[in-house]
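Q: Protein chains in written order, with our numbering: chain A, 1 to 305; chain B, 1001 to 1305. By construction, the Cβ of each residue, glycine as well, lies at the ideal position given by its N, Cα and C atoms.
1) Spell out the partners DSSP gives residue 1179 of chain B in its beta bridges.
2) Strictly below 7 Å CB to CB, what residues from chain B border residue 131 of chain A?
3) Can you look up residue 162 of chain A in the DSSP assignment and give me helix, strand or coil?
4) Taking its Cβ as the centre, do 16 or more other Cβ atoms sit within 10 Å of residue 231 of chain A, making it buried, or is it exposed?
5) Pairing CB atoms from the segment 1107-1117 of chain B with CB atoms from the segment 1010-1030 of chain B, are three or more of them under 8 Å?
6) Throw me the rounded Cβ distance for the residue 15 of chain A and residue 263 of chain A pair, which I believe falls under 8 Å.
7) Going residue by residue through the segment 1239-1279 of chain B, where are the continuous alpha helix (DSSP H) segments of at least 4 residues, counting only ones entirely within it?
8) Please tell me whether residue 1116 of chain B has its Cβ less than 8 Å away from any Cβ of chain A.
9) Does the CB of residue 177 of chain A have a neighbour CB from chain B at under 8 Å?
10) Listed in chain order, which residues of the segment 1171-1205 of chain B have Cβ atoms closer than 9 Å to some Cβ of chain A?
11) Quick one: does residue 223 of chain A have its CB under 8 Å from some CB of chain B?
12) Would residue 1184 of chain B be called buried (16 or more neighbouring beta carbons within 10 Å of its own) or exposed?
13) Under 7 Å Cβ-Cβ, which residues of chain B neighbour residue 319 of chain A?
14) Looking only at C-alpha atoms, which of B:1163, B:1227 and B:1217 sits nearest to residue 1194 of chain B?
15) What residues in its chain sit with their C-beta under 7 Å from that of residue 1033 of chain B, if we drop five residues either side in the sequence?
16) Looking at C-beta atoms only, is the number of pairs between the segment 205-212 of chain A and the segment 176-191 of chain A that lie closer than 8 Å three or more?
17) Can you tell me whether residue 282 of chain A is buried or exposed, with buried defined as 16 or more other CB within 10 angstroms of its CB?
18) May I have the straight-line CA-CA distance separating residue 1127 of chain B from residue 47 of chain A, to the nearest angstrom?
19) For my contact list, residue 167 of chain A and residue 152 of chain A are in at a C-beta cut-off of 8 Å; report their separation, rounded to the angstrom.
20) Inspect the beta-carbon positions of residue 1017 of chain B and residue 1085 of chain B and report whether they are closer than 8 Å.
21) Would you list the one or two residues that DSSP bridges to residue 1215 of chain B?
22) Within the 8 Å Cβ cut-off, does residue 147 of chain A reach chain B?
23) List the whole-angstrom C-beta distance separating residue 112 of chain A from residue 66 of chain A, where the pair is believed to meet the contact cut-off of C-beta under 8 Å.
24) Give me whichever residues DSSP pairs with residue 17 of chain A in a beta bridge.
25) Using CA atoms only, rank isn't needed, just tell me which of B:1001, B:1124, B:1010 and B:1004 is closest to residue 1298 of chain B.
26) Based on the DSSP secondary-structure assignment, which residues constitute the bridge partners of residue 204 of chain A?
27) How would you list, in chain order, the residues of chain B whose beta-carbon sits under 8 Å from the beta-carbon of residue 283 of chain A?
28) Would you call the segment 264-282 of chain A and the segment 233-244 of chain A in contact, with 3 or more CB pairs under 8 Å?
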């Protein structure tokens, strides 16, 4: 699976993913109002607005990018109706040739992680059939429960040729509270990184492993160390743009061959029309603003590689 | 919210929750076959089997217990169809007067945790309406991202009178891999425990805080220390029964007043009919076996309090 992502990144020259994390406040009011007209101010109405918004953004950016990263929480907040749109978005993006990284941050004890793994990456057995719940190519996973919480995801990745990104060093301001604490003189995130390497060792797919790592753009000194610790681990890098990470901050996440990282931007792309820089597009042409923002992001990142 | 749990525990004399974590392999074949007859060997068929199974177990145990804990992964593995049954199970249990602990182990950066929080515990704004996605009383939360990942859940608990159980020391074999590592001479789980106390301090509801902790039954020496560190924190205790924790191991999780912990059993209750001890009930009367297992569990735990 990771080799497919690498190929798509090489083809598009765009080591990025677009974060499909639609808050209702990001969605232009003409879309929201149309959805409410049809379904009322209900969960279904909200979900329809999200779907129409996503579809336009995907339609106007898919030829430029290798991958998208829907954040499932933004769908889950609208209950079943929201999750239907998550599933529909995943399916639509795959049809458009995009790889889909489900940002689900799941993780539990063994048998429970197995259920999440087959639900999001694999196939679940029902009688003599195999069925798919949410059919994403990659998901994000939380390591707090240790090896037996992560291994079931790794096993499904090996069997089904799918991929993971395990949280190592997250982009948020308080990520250091636990992740940076020193254990035998080294921060916890380094120990997690070493485990990620171990988990990924028998899950190689070309130069890189199908077991990747989440490494925030907001901590460039740490990503430098992590890049060295995990030479064959792909990084999913949140925190660029709206969260404060710059292209220069990102450079450390890449290997010398220009590979090794896929940088996410959510708000900066999907709500681009709200920025002064893209205001000329106006809410009616929000998807064109997103396209321009994607092109600018690609140029920005390539300027430091 | 935690005061409601305490009251129900005092009324039932049962400091337990029944883990509604149905694997298809737990469900008696007459239920599975009926569901497949109606819906085929599909996600819908699997979900229907889960629903019929849950309903019988709840019907035959609800008068004995204060709470249930559905594990969302077991539903999520069946995609949208499974999650519909999760929502239906939550609603049904609440109608039966049970408190529902959604075992979702969510956790993300701030704005994303907010979305999870309103989706599972609060109400989401849609236009001028407020709607509920998954309307549980408590959920479990993962602390790896630190304060800004947990605070949005705490805020919703304060606003809506709901509750959390934050993962502190989990019951699985490899939980120690990161959680037990020493930081300034103390294990990580103690630092997490101190944060849980801090997060819960302005969220008190009677003697206890609405911000609780997950503390596994399988590590009794650690729960002894955690009990002292967190005197006003309710513990959700997994690991009893099938995972190996005994009633004696649990005693440390309780305060001297016999309160302070709610012990979960999943397999040991819902698949009781598969144990030799309850084999006499047979698969047809699986729910009666679950009722007997609940009574035995209550007696077992009360014997050490």
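A: On the basis of the coordinates in this document:
1) Residue 1179 of chain B pairs with nothing; no bridge assigned.
2) 1042 and 1043
3) coil
4) exposed
5) no
6) 6 Å
7) 1247-1250 and 1267-1270
8) yes
9) yes
10) 1171, 1172, 1173, 1174, 1175, 1176, 1177, 1178, 1179, 1181, 1182, 1183, 1184, 1188, 1191, 1192 and 1195
11) no
12) exposed
13) The question about residue 319 of chain A has no answer, for chain A in this structure spans 1 to 305.
14) B:1227
15) none
16) no
17) exposed
18) 12 Å
19) About 16 Å separates the two Cβ atoms, so there is no contact after all.
20) no
21) B:1169
22) yes
23) Contact doesn't hold; Cβ gap of about 31 Å is too wide.
24) A:67 and A:264
25) B:1010
26) A:209
27) The premise fails here: residue 283 of chain A is roughly 17 Å from chain B at the closest Cβ pair, so nothing lies under 8 Å.
28) yes
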